[in-house]
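Heads up: the protein sequence lines correspond to chains A and B, in order. Residue 1 is where the first sequence starts when you use UniProt numbering, and the numbers rise one by one after that. Residue 1 is where the second sequence starts when you use UniProt numbering, and the numbers rise one by one after that. Each residue gets a CB set at the ideal place from its N, CA and C atoms; glycine is no exception. Just so we're clear, the structure is a prediction, and the values are computed from it rather than from any experiment.
Protein chains: 2
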Amino acid sequence: MAASSRKEQKEHTRELLLESALQEFSRKGISATTTVDIARAAGVAHGTLFLHFPTRDDLLVRVISDFGLRIGREFKRLSREGGGVREILRAHLDIVQEYESFYAQLVIAGPLLPVDARNDIFLIQSGIAYYLKKALARDIGEKSVRPVPVHLLLNTWIGTLNYYLANRDKFAPGQSVIATHGQELLDYFMSNLEPFRKERE
Amino acid sequence: MAASSRKEQKEHTRELLLESALQEFSRKGISATTTVDIARAAGVAHGTLFLHFPTRDDLLVRVISDFGLRIGREFKRLSREGGGVREILRAHLDIVQEYESFYAQLVIAGPLLPVDARNDIFLIQSGIAYYLKKALARDIGEKSVRPVPVHLLLNTWIGTLNYYLANRDKFAPGQSVIATHGQELLDYFMSNLEPFRKERE
DNA sequence: TATTGCAATGAGTGTATACTCACTGAGTGT
DNA sequence: ACACTCAGTGAGTATACACTCATTGCAATA
Numbered sequence: 001m002a003a004s005s006r007k008e009q010k011e012h013t014r015e016l017l018l019e020s021a022l023q024e025f026s027r028k029g030i031s032a033t034t035t036v037d038i039a040r041a042a043g044v045a046h047g048t049l050f051l052h053f054p055t056r057d058d059l060l061v062r063v064i065s066d067f068g069l070r071i072g073r074e075f076k077r078l079s080r081e082g083g084g085v086r087e088i089l090r091a092h093l094d095i096v097q098e099y100e101s102f103y104a105q106l107v108i109a110g111p112l113l114p115v116d117a118r119n120d121i122f123l124i125q126s127g128i129a130y131y132l133k134k135a136l137a138r139d140i141g142e143k144s145v146r147p148v149p150v151h152l153l154l155n156t157w158i159g160t161l162n163y164y165l166a167n168r169d170k171f172a173p174g175q176s177v178i179a180t181h182g183q184e185l186l187d188y189f190m191s192n193l194e195p196f197r198k199e200r201e
Numbered sequence: 001m002a003a004s005s006r007k008e009q010k011e012h013t014r015e016l017l018l019e020s021a022l023q024e025f026s027r028k029g030i031s032a033t034t035t036v037d038i039a040r041a042a043g044v045a046h047g048t049l050f051l052h053f054p055t056r057d058d059l060l061v062r063v064i065s066d067f068g069l070r071i072g073r074e075f076k077r078l079s080r081e082g083g084g085v086r087e088i089l090r091a092h093l094d095i096v097q098e099y100e101s102f103y104a105q106l107v108i109a110g111p112l113l114p115v116d117a118r119n120d121i122f123l124i125q126s127g128i129a130y131y132l133k134k135a136l137a138r139d140i141g142e143k144s145v146r147p148v149p150v151h152l153l154l155n156t157w158i159g160t161l162n163y164y165l166a167n168r169d170k171f172a173p174g175q176s177v178i179a180t181h182g183q184e185l186l187d188y189f190m191s192n193l194e195p196f197r198k199e200r201e
């Protein structure tokens with residue numbers, strides 16, 4: 001075996017635990033998932049989990065921040081330079097849909113999670129802010145969108161999305177809420193942004 | 001003593017428990033409040049709680065549905081006939097603000113609660129739907145508001161409000177989010193509803 | 001080959017919390 | 001006055017978890 005075999009093995013187990021945790025959290029919900037569940041899903045002993053992560057909360061925080069990194073990268077990739085508000089929101093919908101199950105659990109359990117986890121979640125959701133700001137300024141500049149404050153657009157958008165995600169079983173039982181309602185929401189938000197035309201331009 | 005003294009006493013204790021539960025839930029959060037907390041707040045023995053309510057969930061559901069009734073009555077009182085969308089949303093803000101602490105806890109814990117509790121919450125939030133529908137039809141009729149589907153207005157409004165409530169510690173630390181952000185939100189939503197004026201009317 | 005280091009194990013511990021039940025004593029009807 | 005009912009009590013039980021640690025056995029090193 002290579003000299004690093006042992007370290008590699010440990011690292012592998014660690015990744016396995018992180019991945020299994022993500023899946024269990026997505027499936028059963030964050031607060032309903034126990035350390036036993038995660039260990040079993042990973043195929044390791046219960047105690048092994050604590051060899052890699054001092055506490056359950058620590059594991060959870062790492063799962064979330066890893067998730068945040070993935071989302072951040074994805075967002076960067078999807079939001080091409082020079083896009084308008086519609087393109088940014090569309091990209092956001094696509095990403096949320098791709099990771100919908102975990103995203104929804106995050107929204108549901110979010111407010112009850114430990115502070116560092118909550119901060120990470122806030123950060124993830126603010127990832128869109130930077131791009132949205134640029135796109136909005138651009139659209140307003142070329143008068144394809146009426147002037148609105150970014151923070152209001154952002155908060156109504158995130159809030160609405162979270163609401164649909166948290167109640168996905170009511171809005172789209174057994175399906176993706178984003179797939180069933182995303183386009184409608186996007187169109188509605190864009191119609192809210194249509195510039196007021198002057199009475200006698 | 002009147003012949004009903006014993007029954008009256010029991011009823012009184014029951015009310016006391018319901019009231020104490022409401023306060024504890026508002027203060028500590030729903031999932032963080034234990035049956036011991038509630039009994040102590042009511043000044044009765046732990047066991048007494050279970051004499052009146054078979055399970056903690058049962059007590060919780062009753063607290064929520066009582067709350068729903070109060071909200072419903074309040075809403076009926078505040079939303080006078082013939083009001084427009086702005087008046088309805090304003091009334092909604094006023095009510096939410098009055099009961100903000102419990103309302104926020106409901107929004108935070110809501111998605112994790114037992115089904116019957118979740119249904120009650122949905123019902124409470126839908127209480128506004130009936131009035132909003134009428135008001136919107138009226139406003140659209142007299143062209144003071146552009147035509148939009150009720151459900152989209154409703155869901156974006158509720159979703160946004162919930163988002164602000166769930167994160168009130170970030171939006172308005174130590175204060176009422178509705179007091180600090182309510183008017184701004186209301187104005188923004190109304191501006192979204194402004195009719196598009198024809199190019200050359 | 002012998003020795004050491006370390007990832008992995010899983011039965012065991014501690015704690016939090018919902019719920020029970022045998023008992024108490026004051027109110028109620030005769 | 002007496003027996004009976006029943007709201008109220010609180011120590012006790014059951015369960016579900018997160019977390020521990022003495023032990024194991026394989027891989028790295030001498």
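- Put simply, the stretch 94–107 of chain A does not touch the stretch 146–154 of chain A. Fewer than three CB pairs are less than 8 Å apart.
- Cβ-Cβ separation between A:Q125 and A:I158: approximately 5 Å, consistent with a contact (criterion under 8 Å).
- Counting only runs of 3+ residues, no beta strand (DSSP E) is found wholly inside the stretch 28–112 of chain B.
- If you draw a straight line from the Cα of B:N167 to the Cα of B:L106, it is about 13 Å long.
- Note on B:E24: 16 or more other CB atoms within 10 angstroms of its CB, so buried under the neighbour-count rule.
- Going by C-alpha positions, B:L17 is about 28 Å away from A:A109.
- Residues A135, R138, D139, S144, V145 of the same chain have their beta carbon placed closer than 8 Å to that of A:G84, with the five preceding and five following residues left out of the count.
- Where B:R118 is concerned, the enclosing alpha helix (DSSP H) starts and stops at 115–141.
- A distance of 7 Å or more separates the beta carbons of B:A21 and B:L69.
- Excluding the 5 residues flanking it on each side, A:Y103 has same chain C-beta neighbours closer than 7 Å at V96, L165, in chain order.
- Of all residues in the stretch 124–154 of chain A, those with a C-beta nearer than 7 Å to a C-beta of chain B are L152, reading in chain order.
- Rounded to the nearest angstrom, the gap between the Cα atoms of B:Y131 and B:A172 is 29 Å.
- When C-beta distances to chain A are compared with 8 Å, the residues of the stretch 16–46 of chain B below that value are G29, S31, in chain order.
- Per the C-alpha coordinates, the member of B:A32, B:R6, B:E19, B:S26 positioned closest to A:L113 is B:A32.
- In the DSSP assignment, A:E184 falls within the unbroken alpha helix (DSSP H) covering 177–192.
- Linking A:D120 to A:E11 through their CA atoms gives a straight-line distance of about 24 Å.
- At a C-beta separation below 7 Å, B:T160 has these neighbours in chain A: N155, T156, G159, T160.
- By the beta-carbon neighbour count (other beta carbons within 10 angstroms, threshold 16), B:L161 is buried.
- Contacts between B:E194 and chain A, judged by CB atoms closer than 8 Å, involve F196 in chain order.
- Sixteen is the threshold: since fewer than 16 other Cβ atoms of the shown chains lie within 10 Å of the Cβ of B:T55, the residue is exposed.
- A:R168: member of the alpha helix (DSSP H) spanning 168–171, first to last residue.
- Within the model, the alpha-carbon separation for B:S26 versus B:E142 is close to 42 Å.
- Cβ-Cβ separation between A:V44 and A:T13: approximately 6 Å, consistent with a contact (criterion under 8 Å).
- Between A:G182 and A:L93, the C-beta gap is smaller than 7 Å, which places the two residues in contact.
- Under the 7 Å criterion on CB atoms, B:P111 is classed as interfacial with respect to chain A.
- With contacts defined by Cβ atoms closer than 7 Å, B:A129 and B:I64 do not form a contacting pair.
- Exposure of A:V115 is indicated by the presence of fewer than 16 other C-beta atoms within 10 angstroms of its C-beta.
- If you check the CB distance, A:F75 and A:G127 come in under 7 Å.
- Cβ neighbours of A:A91 within its own chain (closer than 7 Å, five residues either side excluded): F75, L78, S79.
- When DSSP states are grouped into helix, strand and coil, A:S144 belongs to the coil group.
- In chain order, N155, I158, G159, N162 make up the part of chain A whose C-beta sits under 7 Å from the C-beta of B:Y163.
- If you draw a straight line from the Cα of B:T180 to the Cα of A:N155, it is about 15 Å long.
- A Cβ of chain B is located within less than 7 Å of the beta carbon of A:A166.
- Nearest C-alpha to B:D169 among A:P111, A:K133, A:E184, A:F196: A:P111.
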